[in-house]
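Enquirer: Dropping a structure here in C-alpha cells format, bear with me for questions.
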Amino acid sequence: FACRGASCYRLPGPRGPLCVFRNQLPRRNDTYPEDPPPEGPPLDFAAASAPPRRLRCGAALCRICGCLGPRACGRCRRAAYCGPEHQALDWRLGHRRACGQTATGGDVADAVPEHNDFLFPEYEILIEPEEPESPVDSSEDPTDEQVSVDASKGPKEQEELGATGSAAFQSIDEETLDAMAKHETEEDKVFRMFKEQIAAEPEQVIRYCRGEGPVWVSGGNIPEEKDIPNCSCGAKRIFEFQIMPQLLNHLKVDSLGESIDWGTLVVYTCADNCGKGNEYLEEFIWKQDFSAAS
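Going by this note's numbering, the first residue of the sequence shown is number 440, and it counts up by one from there.
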C-alpha cells in the first residue's frame, strides 16, 4: 500500500508512506478456486474488445479501493463495495449510468471504473528467469575516447585542441585525480552495477530472489542486519523481492511536475513463513532513494 501524495515520500525514515502485508493461502481455500482463471484469449471478438472486467471467480472486491466488498449494489447486485462511502462515490463517478445495463460481450456493471482516485492502474506481470550476462567486448581501449580528437577539424585546429586537452590534463595533479577516482568509486560504482544488472531487462518492475540480496541503486541508506526487525513470531526476516523504479512510469501519478518517487523498494519477509493463511501479516519494507538528498 502506498500514498499518492508526493510530499509524503520526502518525510524522514526508511519506510516512507508504504506498508506491505503478506497472506499465504493454501491452494484449497474458501476465497479463491483451486484452479486459476484461463490464460488464453477470448474466442470471440466482442469479448476481446470489451472493457476490463473484474474476475468472476474469487471474493467480491470493492470497485473503488479493491478491499473486500461484502456490500453489493441494491439495483444490479453485481457491483461490490466495502461500505456506503465508496458506493456513493462510485455512483457519482458513473455507476449511476451503468447500473442495470447489459451489453453484448459482457455486463457493464462488472466493468472496472476507468477514473479511480484510489487504485493505481493494474497490469499483467510476466515472470521470467534472468538471462546470464553476455561477455563484454574488451577489444576497445577505454582511453581512446579520452585522447580522440574531432576529425571534422582541420589539421591546425586538431593540433590546438590536442594541445589544449593535454595542458588541461597536466594541470590536474595526482592528488586531485586520486580524489576524483575515490569519489567516483564511492558514489557511482553501486549505481553502475545496478544498471549493469538490469541491462538485460531494463523495463523490469519487480525482482524476486528470496533469501539472497537486492540490487541497490545507491551506496547510501543501505540497511544493516540490525535495521531489519524480526517477525512478530520471533523469526528473522529475509529479503524476498524488490520493486524497481521503472514501475513509476506506469502508475500515472505525475502532477504539475511533482510525483511520488523512489530508487527501489525492498521487501523483507518472515524466514519461517508464519501464519495460517487466514490473516494478513505486516512485513517490512525499506525505501532507498537514488541519492541521500532525494
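Just so it is clear, CB atoms sit at the ideal spot from N, CA and C, and this is done for glycine as well.
State the Cα-Cα distance for the pair G714 and G522, rounded to the nearest angstrom.
Expert: Mapped onto the sequence shown, residue 714 falls at position 275. Mapped onto the sequence shown, residue 522 falls at position 83. In a straight line, the C-alpha of G714 is about 28 Å away from that of G522.
Enquirer: Among E569, N660 and Y471, which has the Cα closest to the Cα of Y647?
Expert: Counting from 1 along the sequence shown, the entry for residue 647 is found at position 208. Measuring from the Cα of Y647, the nearest candidate turns out to be E569.
Enquirer: Under a Cβ-count criterion, where at least 16 other Cβ atoms within 10 Å of its own Cβ denotes burial, should E679 be classed as buried or exposed?
Expert: The residue given as residue 679 occupies position 240 in the sequence shown. By the 10 Å Cβ count, E679 comes out buried.
Enquirer: Would the segment 440-453 count as touching the segment 697-708 if we require 3 or more Cβ pairs under 8 Å?
Expert: Judged by Cβ distances under 8 Å, the segment 440-453 makes contact with the segment 697-708, as three or more pairs qualify.
Enquirer: Counting pairs of Cβ atoms below 8 Å between the segment 445-463 and the segment 706-726, do you hit three or more?
Expert: Contact between the segment 445-463 and the segment 706-726 is present, because at least three Cβ pairs lie under 8 Å.
Enquirer: Quick check: what's the CA-CA separation for K691 versus K628?
Expert: Along the sequence shown, one-based indexing puts residue 691 at 252. Along the sequence shown, one-based indexing puts residue 628 at 189. Approximately 31 Å, taken between the alpha carbons.
Enquirer: Quick one: is the Cβ of H689 within less than 6 Å of any heavy atom of the ligand NAD?
Expert: Annotation note on the ligand NAD: not contained in the displayed structure, which lists no ligands.
Enquirer: With a threshold of 16 other CB atoms inside 10 Å of the CB of P509, please say whether the residue is buried or exposed.
Expert: Taking the first residue of the sequence shown as 1, we reach residue 509 at position 70. Exposed is the call here.
Enquirer: Report the rounded CA-to-CA distance for D666 versus F729, giving the unit in angstroms.
Expert: Along the sequence shown, read from residue 1 onward, the residue named residue 666 stands at position 227. Along the sequence shown, read from residue 1 onward, the residue named residue 729 stands at position 290. About 19 Å.
Enquirer: Express the C-alpha separation of N669 and G650 in angstroms, rounding to a whole number.
Expert: If you number the sequence shown from 1, residue 650 lands on position 211. If you number the sequence shown from 1, residue 669 lands on position 230. Rounded to the nearest angstrom, the two C-alpha atoms are 15 Å apart.
Enquirer: Taking the CB atoms as reference points, tell me whether C501 and H534 lie closer together than 7 Å.
Expert: Translated into the one-based positions of the sequence shown, residue 501 becomes position 62. Translated into the one-based positions of the sequence shown, residue 534 becomes position 95. For C501 and H534, no; Cβs fall outside 7 Å.
Enquirer: Strictly by DSSP, which residues pair up with R676?
Expert: The count along the sequence shown starts at 1 and reaches residue 676 at position 237. Partner(s): C709.
Enquirer: Could you work out which residue in L464, M632 and C458 is closest to N717 when comparing CA atoms only?
Expert: Here the question's residue 717 lines up with position 278 in the sequence shown. It is L464.
Enquirer: For V644, which residues in the same chain have their Cβ closer than 8 Å to its Cβ, ignoring the five residues on either side in sequence?
Expert: Here residue 644 is taken as the residue at index 205 of the sequence shown, counted from 1. The residues are I564, I682, M683, Q685, L686 and H689.
Enquirer: Does K726 come out as helix, strand or coil in the three-state DSSP assignment?
Expert: Here residue 726 refers to the residue found at position 287 when the sequence shown is read from its first residue. Residue state, collapsed to three classes: strand.
Enquirer: If you drop the 5 nearest sequence neighbours on each side, which residues of the same chain put their C-beta closer than 6 Å to that of V459?
Expert: Position 20 of the sequence shown, counted from the start, is the residue given in the question as residue 459. Hits under 6 Å: V706, E722 and I724.
Enquirer: Are V437 and F630 touching if we call contact CB-CB under 7 Å?
Expert: No information on residue 437 is available, as it lies outside the stretch 440 to 733 that the chain covers here.
Enquirer: In angstroms with no decimal places, state the Cα-to-Cα distance between L704 and P560.
Expert: The residue you call residue 704 lines up with position 265 of the sequence shown. The residue you call residue 560 lines up with position 121 of the sequence shown. Answer to the nearest angstrom: the Cα atoms are 18 Å apart.
Enquirer: Shortest alpha-carbon distance to E663 belongs to which of L532, R676 and D474?
Expert: Residue numbering aside, residue 663 sits at position 224 when the sequence shown is read from its first letter. For E663, the nearest C-alpha among the options comes from R676.
Enquirer: DSSP state of P451, grouped into three classes?
Expert: Taking the first residue of the sequence shown as 1, we reach residue 451 at position 12. Coil at P451, not helix or strand.
Enquirer: Measure the alpha-carbon distance for F633 versus N468 and round it to whole angstroms.
Expert: Taking the first residue of the sequence shown as 1, we reach residue 633 at position 194. Taking the first residue of the sequence shown as 1, we reach residue 468 at position 29. Whole-angstrom Cα-Cα distance: 40 Å.
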